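Protein chains: 2
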Amino acid sequence: MSLIVTGSIGIDSIESPAGNVDNVLGGSAIYFAAAASFFSPVRLVAAVGEDFPAAFLEDFRHFNVDLAGLEQRQGSKTFRWRGRYHTNMNHRDTVSVELNVLAEKLPPVPGKYQDSEYIFLANTHPAGQIELLEQFPQRKLAVADTMDLWINNEKPTLLKLLQRVDGLVLNNDEAEMLAGDSNVIKAAARITELGPKFVVVKKGEHGVFVTHGGAKIVLPAWPAEAVVDPTGAGDSFAGGMMGYLASTGDLSANGLRKAMACGTIAASFNIESFSLGRLKQISRADIDARLREFSQMLRLDN
Amino acid sequence: MSLIVTGSIGIDSIESPAGNVDNVLGGSAIYFAAAASFFSPVRLVAAVGEDFPAAFLEDFRHFNVDLAGLEQRQGSKTFRWRGRYHTNMNHRDTVSVELNVLAEKLPPVPGKYQDSEYIFLANTHPAGQIELLEQFPQRKLAVADTMDLWINNEKPTLLKLLQRVDGLVLNNDEAEMLAGDSNVIKAAARITELGPKFVVVKKGEHGVFVTHGGAKIVLPAWPAEAVVDPTGAGDSFAGGMMGYLASTGDLSANGLRKAMACGTIAASFNIESFSLGRLKQISRADIDARLREFSQMLRLDN
């Protein structure tokens, strides 16, 4: 079943306790698509500038991602981000950011993508997310990511988006901010009252909490010892999650729980290297092996 | 199999967003013993002062706890603690503390308790923990709790204790402090090199991580919406854990994982009220029902 992601492609520079890299491939759509592609073919809609290295594109062809929706815009520059992680890897500072092409008009959705059924709207201005969403009339599942910037500054538009999506993905601070409740369980429940059928609260190294109808899903993160770079953890989580849902079509609470495990494991590989280094080394078999181990770790009834 | 706890009994006053209480029954040994008693009979060794209300004792007889080791010391005063929780319930301030009887000599261990096999040394000065431990020559499993105060000020004595116990229970900040590593997985592994066969890292609302030989156990917390008072969460967790281990004698990694689930569920009930209010209302059947629900929430292979 057809899965599409719209989001950012970036040229990232990262400082982490595990080392520093300059000008590597990043962005929400990139991490999402790479992770999702282990489960399902992925269509990608995003824009880069004329400065975007051809080598990045070649490299990315490793993954099962249709790049017909990738626009290289002449006269524009690619989104750039520099971030710095602190000792415990849980917090980061944005050292510098250049929106560049992200501040311009949205990339066009190719006609052949309009039959997409599984839609992931990576984090961007909610007005853009609504505009993109409406280009997929055959959607079966639409899920959006968001961030504190839009919660604080564009709440009316964000609330309109929430009326239109099936699921929302956000981190725990954002969930508490959006709902005005410091208990994440209550916050997620309140957000479902704003529209989405399910809310996925990402808690980083502490795992994930989901509310879906009356059901609650809670999973720990994979116990990772060797965290090199958490950049893209949330996006690769969402990729694993949506890839699983698109590949099975199982939108029950049980399906969603398995999707959370797929997201957890995709993210656990992603953070083992800078950029897509680790995801390029592994296969679906590696993901399945870790999924089995994770499942065994959580079995309480044997 | 015989389970014993040595620790504090306190008269607590608590300010929480859910309300305030003054002069209620608390202390590590009390919360531990109440929680453990759902799984196994418990022996308790602790001291109170002559000000200790007789009504507290009567009330506590509700639980399956042998109080022959409870010393009411004439001329002494009971440990008192006043704490304040903030909006998100994750952090608390100690408003005032009076050690009183806790600063005096340890309570004697009754002769009939010397055959105890499962020993839990609730948090106190590590020299006292060692002294108590040595009074149980038939021990099969000795587990200690500790805190930042001893890690910072009594490290040589704490290291001696670690050579003598099978397991250590501590929270994530303490684990990082003791091991000098901000990754909790690595920190726990390093602590096992100091002596204990297993290390249980309590992460509060984020669940628990355990390293046991090479095996890792990771469980989320029960998704609690109605947190009234987190006081005693860690002690009731340890009580559920040790109660399960004492009742089954299963010290394998699999047994330890189930013990963590029992601790998680015991703590989840405890935080639903001040003092022992909620634990007094429930039965083993309530714990088992929530355990089944928790197990189902974590099943990924069905």
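Chains as they are written, first to last, in the working numbering: chain A, 7 to 308; chain B, 7 to 308. All C-beta atoms, glycine included, are put in the ideal place defined by N, C-alpha and C. All values derive from a computational prediction rather than experimental measurement.
Would you mind telling me which residues of chain B sit closer than 7 Å to residue i, beta carbon to beta carbon, in chain order?
i, result
"Asp307/A", "Ser301"
"Ser188/A", "Thr93, Asn94"
By the criterion of Cβ-Cβ separation under 9 Å, what are the contact partners of residue i in chain B?
i, result
"Gly213/A", "His212, Gly213, Val224, Pro226"
"Ala230/A", "Asn189, Ile191"
How many Å lie between residue i and residue j at the Cα?
i, j, result
"Asn189/B", "Lys111/B", "38 Å"
"Asn159/A", "Ser14/A", "20 Å"
"Lys209/A", "Phe215/A", "8 Å"
"Met183/A", "Asp154/A", "8 Å"
"Phe58/B", "Glu104/B", "14 Å"
"His131/A", "His97/B", "34 Å"
"Phe62/A", "Leu31/A", "7 Å"
"Arg170/A", "Ala193/A", "19 Å"
"Leu164/A", "Ile197/A", "12 Å"
"Leu304/B", "Ala109/B", "44 Å"
"Phe142/B", "Ala232/A", "40 Å"
"Ala128/A", "Ser19/A", "20 Å"
"Gly219/B", "Pro113/A", "53 Å"
"Ile157/A", "Glu180/A", "8 Å"
"Phe243/B", "Met266/B", "8 Å"
"Ala60/B", "Arg298/A", "54 Å"
"Leu306/A", "Ala259/B", "11 Å"
"Gln302/B", "Pro116/B", "43 Å"
"Asp72/A", "Tyr91/B", "52 Å"
"Lys146/B", "Gly201/B", "16 Å"
"Val206/B", "Val51/A", "45 Å"
"Gln80/A", "Gly186/B", "51 Å"
"His68/B", "Arg263/A", "39 Å"
Would you identify the three-state DSSP class for residue i, choosing helix, strand or coil?
i, result
"Ile10/A", "strand"
"Arg305/B", "coil"
"His218/B", "strand"
"Asp151/A", "strand"
"Thr130/A", "coil"
"Ile190/B", "As written in the sequence, residue 190/B is Val, which differs from the Ile given in the question. Looking at Val190/B - three-state DSSP - the assignment turns out to be helix."
"Ile157/A", "helix"
"Thr237/A", "coil"
"Leu174/B", "strand"
"Ile288/B", "coil"
"Lys208/B", "strand"
"Glu299/B", "helix"
"Glu180/A", "helix"
"Arg263/B", "helix"
"His136/A", "It should be noted that the sequence gives Ile, not His, for residue 136/A. Helix, per DSSP."
"Arg145/B", "coil"
"Ser102/A", "strand"
"Ile277/B", "coil"
"Val107/A", "helix"
"Leu225/B", "strand"
Using a C-beta cutoff of 8 Å, does residue i count as contacting chain E?
i, result
"Lys264/B", "Among the chains of the structure shown, chain E does not appear; the protein chains present are A and B."
Just to confirm, is the Cβ distance from residue i to residue j under 8 Å?
i, j, result
"Tyr124/A", "Gly75/A", "no"
"Phe45/B", "Cys268/B", "yes"
"Asp241/A", "Ala24/A", "no"
"Ala227/B", "Gly213/B", "yes"
"Thr12/A", "Leu167/A", "no"
"Thr84/A", "Val101/A", "no"
"Ala239/B", "Thr217/B", "no"
"Trp87/A", "Gly134/A", "no"
"Ala221/A", "Gly246/A", "no"
"Ser8/B", "Asp172/B", "no"
"Ser43/B", "Asn70/B", "yes"
"Gly89/B", "Thr237/B", "yes"
"Glu77/A", "Ala53/A", "yes"
"Pro47/A", "Ile191/B", "no"
"Ser82/A", "Glu64/A", "no"
"Leu5/A", "Ala148/A", "Shown here, chain A extends from 7 to 308; a query on residue 5/A therefore has no answer."
"Ile293/A", "Ile277/A", "no"
What does residue i reach in chain A if we use C-beta pairs closer than 9 Å?
i, result
"Ala267/B", "Leu306"
Find the residues of chain A that neighbour residue i, judging by a C-beta separation of less than 8 Å, and give them in chain order.
i, result
"Val233/B", "Asn189"
Name the chain B residues whose beta carbon is nearer than 8 Å to that of residue i?
i, result
"Lys209/A", "His212"
Segments of 4+ residues assigned as alpha helix (DSSP H) that fall wholly inside the segment 15-96 of chain B: Those alpha helix (DSSP H) runs which fall completely within the segment 15-96 of chain B and span 4+ residues are 34-42, 60-66.
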